[in-house]
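2 protein chains.
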Amino acid sequence: MIAAPRGSVVNEPKSTTTKDQINQKLQNTKKHPVHDRQAGESPTPFTADSMPPMTTALDVIAIGNALVDVLAHAQDSFLEQNRISKGSMSLIDATRAEALYETMGPAVEISGGSAANSIAGLASLGGKGAFIGKVSADQLGSIFAHDIRSLGVEFTTRPHRDGAPTGRCLIFVTPDAQRTMQTFLGSAAQVGPDDVDPEQVKRAQVTYLEGYLFDPPEAKRAFVKAAEIAHDAHRKVALTLSDRFCVDRHRAEFQELVHGHIDILFANESEITALYQAGSFDTAVQAVRGKCDLVVLTRSEKGAVVVTPTETVTVPAEPITRLVDTTGAGDQFAAGFLFGYTRGRNPRDCARLGAIAAAEVIQHFGARPEVSLASLIQGRV
Amino acid sequence: MIAAPRGSVVNEPKSTTTKDQINQKLQNTKKHPVHDRQAGESPTPFTADSMPPMTTALDVIAIGNALVDVLAHAQDSFLEQNRISKGSMSLIDATRAEALYETMGPAVEISGGSAANSIAGLASLGGKGAFIGKVSADQLGSIFAHDIRSLGVEFTTRPHRDGAPTGRCLIFVTPDAQRTMQTFLGSAAQVGPDDVDPEQVKRAQVTYLEGYLFDPPEAKRAFVKAAEIAHDAHRKVALTLSDRFCVDRHRAEFQELVHGHIDILFANESEITALYQAGSFDTAVQAVRGKCDLVVLTRSEKGAVVVTPTETVTVPAEPITRLVDTTGAGDQFAAGFLFGYTRGRNPRDCARLGAIAAAEVIQHFGARPEVSLASLIQGRV
């Protein structure tokens, strides 16, 4: 497929940092006391007129895989023939990406990447975000950079110029609107600690980390560096578990990270049960309670549950008129939640904002909002 | 914008062929007697099961600009600020494309090009098509080639490898769902007579020409060559006028072409009145009647009118539930019409097929069908 060098393989370690060294570094990213804005406090109002002032303050800075989504409709039989597990995300190398692209139907290209989608959603809501991720100096890289910057997001990571093309995520949307992802990371895997600007991280209320970054070793080092800087500056660190298979690949590290270093955790039902190898959702909720200030659990049409050390807040899903493509539902839920959080809203309001943002994105093809989310929430929450 | 060399200018003549030489060649592409399938004849049935057999026969071969669409929502004020005439298509150079892309909102990339969209629609209906157009050997070129081939369309034009990147069309969709296009032709302008394979053209019942090709001189020469081959092989030649400003730029040549060499003409209300500088639609209909076997005039929500030498067939627009983006409406109307035509349907049925295909595409973002048009027409016409 698109200019990807045949035979190159992603995920080759680029440094000699050992897992122990990374874990040692994680030990240093200690959490600070529970966030001082709790449920029930009076919220800061926000309207289209109360956009953050043009200062250098950031609501959220995210680190994630910089990817362009290549979305196509597909039948379940296509997934079966290609031995792809429905609903999952798998990493693939350039050869596999090329072969799979050959067999996939006509596609649409839209900037993606889980955390980047969340930052795009945050910007659409009127928040101020920044993104750290690695594109290549190619056409898809230009598209990614344009799309995120055009939303007012700070995106200053230098493009990669050495071989690997911009990463892409082949997304197959089945007739039930479920999405299945096959990701060729390309240059996204090259994001590293040098791409993390400490001053930029310090400017953000929340540093948001994409769980998928546990796959490329250099990216995980960037992740650890950012978390360290954020906590040292008394900022909050959020994480999304991203995918149940990603959790399976890195369970011990994720548990240690979540229990010791994460203030706000995002996961869906399948991810949180995978984290604790729990037999049920309720068991997983018991296991995670108290491990973070806020644990935000999304359950598709069953809505969302926010677990704090002392309470459990349940919020229903936002009604929709048609389910088209679930790609980006979790990303937009996180966007809405973090937008509310950085404005001092209580967990219920944050989750309602997440539900509204997620409902927008699942009613059309693609993982980023098609309309201004700021206008959608106006007067609603 | 995307890897376009700054300062390069499109549309520089690449050959010394004069307008007279081209017109002389056009004289040789004489029309053959009126198509022998007329209105009222019993139609050939078609269903999903009666797809054309896997022979080398083609229903339609199209020559057009190979472009990737870059679609974004925009306000009317954006068009005014950038002095862009709403609803039109303008050619822009690389510098202007870069500057405009900088200012446009987050976009979606979808393979486009007017005639290529029609061939994609024809394929979606179950027809067998081929496309001639020039992409570059870059990522956007790979996307274009993948998307059209994945539909079963023959696309064998060699990519351009000398500087110009794949062309793109910046499309601004205003809140009224109207689309306004700013096109950087890039390598699309490099399509030339050498790209026309005579044997491939002879295999097609209809050779379909995109009016926009009158802009790049080399492309027009390709166009003339294909028309000549088609008529020599007793095949039909169709033309779409593409755009009223394109008609204004080339009125005399278009009139001569239409009157002497085109069997099936496609135009919208604004284009046909521009062709004859007519004060009203009815005046334009009088002027064009008898000039071609079939003149297919689309009138947006007023439906379509098919003008034959002896009759006028009026077909209403297909009802829709929501108007999202008119990009590609004319392209898909032509797709439906030509699909019916190549299956021996009468003009009314052909126009109804066109209306159904157009209705699908205006209810979502982008100019190509999102669902199987074959399933949409099943049992309808």
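If you read the protein sequences in the order shown, they are chains A and B. 171 is the number that my numbering gives to position 190 of the first sequence; each next residue is one higher, with no gaps. 45 is the number that my numbering gives to position 64 of the second sequence; each next residue is one higher, with no gaps. The C-beta atom is built at its ideal place from N, Cα and C for all residues, glycine as well. It should be emphasised that the depicted structure is a prediction, and the values quoted were computed from it without experimental measurement.
Reduced DSSP secondary structure (H/G/I, E/B, other) of residue i
i	result
Phe59 (chain B)	helix
Asp157 (chain B)	coil
Leu357 (chain B)	helix
Phe346 (chain B)	coil
Phe125 (chain A)	helix
Phe136 (chain A)	strand
Ile253 (chain B)	helix
Thr84 (chain A)	helix
Phe235 (chain A)	helix
Ser117 (chain B)	strand
Val205 (chain A)	helix
Val294 (chain A)	strand
Glu351 (chain B)	coil
Gly173 (chain B)	coil
Arg64 (chain B)	coil
Glu299 (chain B)	coil
Val182 (chain B)	helix
Leu194 (chain A)	helix
Arg329 (chain A)	helix
Ala340 (chain A)	helix
Ala211 (chain A)	helix
Opening and closing residue of the alpha helix (DSSP H) in which residue i lies
i	result
Gly321 (chain A)	Ala310 to Thr323
Phe112 (chain B)	Run containing Phe112 (chain B): none in the alpha helix (DSSP H); it sits in the beta strand (DSSP E), Gly110 to Ile113.
Thr264 (chain B)	Phe262 to Val269
Ala96 (chain B)	Ser95 to Leu106
Counterpart residues of residue i in DSSP-defined beta bridges
i	result
Val187 (chain B)	B:Val41 and B:Lys217
Leu334 (chain B)	Answer is none; Leu334 (chain B) lacks a bridge partner.
Arg149 (chain A)	A:Val49 and A:Phe165
Leu72 (chain A)	A:Thr164
Val228 (chain A)	DSSP output for Val228 (chain A) lists no bridge partner at all.
Phe247 (chain B)	B:Thr221 and B:Val277
His54 (chain B)	B:Val154
His141 (chain B)	B:Ser117
Cβ neighbours of residue i in the same chain (closer than 6 Å, five flanking residues each side left out)
i	result
Ile73 (chain A)	Gln163 and Phe165
Leu121 (chain A)	Val49 and Thr147
Gly347 (chain B)	Ile91
Tyr257 (chain A)	Ala265 and Ala268
Gly335 (chain B)	Phe314, Gly317 and Phe318
Val134 (chain B)	Ile100, Ala104, Gly110 and Phe112
Ile301 (chain A)	Ala340 and Gln344
Ala219 (chain A)	Val187, Tyr189 and Ile245
Phe153 (chain A)	Ala55 and Thr161
Asp128 (chain A)	Ser92
Cys150 (chain A)	Leu48, Asp50, Gly93, Met162 and Thr164
Residue environment, residue i, which counts as buried when at least 16 other CB atoms sit within 10 Å
i	result
Asp119 (chain B)	buried
Ala145 (chain A)	buried
Thr37 (chain B)	exposed
Arg364 (chain B)	Nothing about residue 364 (chain B) can be reported from this structure: the residues present for chain B run from -18 to 362 only.
Asp330 (chain B)	buried
Gln56 (chain B)	exposed
Lys364 (chain B)	Beyond the ends of chain B as shown, which are -18 and 362, falls residue 364 (chain B); an answer cannot be given.
Thr293 (chain B)	exposed
Gly309 (chain A)	buried
Glu79 (chain B)	buried
Contacting residues, own chain, Cβ-Cβ under 7 Å from residue i (five flanking each side not counted)
i	result
Ala259 (chain B)	Ala265 and Ala268
Pro140 (chain A)	Val116, Ser117, Ala118 and Gly122
Glu351 (chain A)	His345
Arg225 (chain A)	Ser251, Glu252 and Ala255
Phe204 (chain B)	Ile44, Leu190 and Leu194
Leu357 (chain B)	Ile337 and Glu341
Thr323 (chain A)	Asp40, Val41, Gly108, Gln186 and Val187
Terminal residues of the beta strand (DSSP E) in which residue i lies
i	result
Glu90 (chain A)	Val89 to Ser92
Ala285 (chain A)	Ala285 to Val288
Chain D within 7 Å of residue i, Cβ atoms only
i	result
Ile91 (chain B)	Checking the listed chains, one finds no chain D in this structure; the protein chains it contains are A and B.
Close-in-space but distant-in-sequence residues of the same chain around residue i (CB under 8 Å, 5 per side omitted)
i	result
Asp263 (chain B)	none
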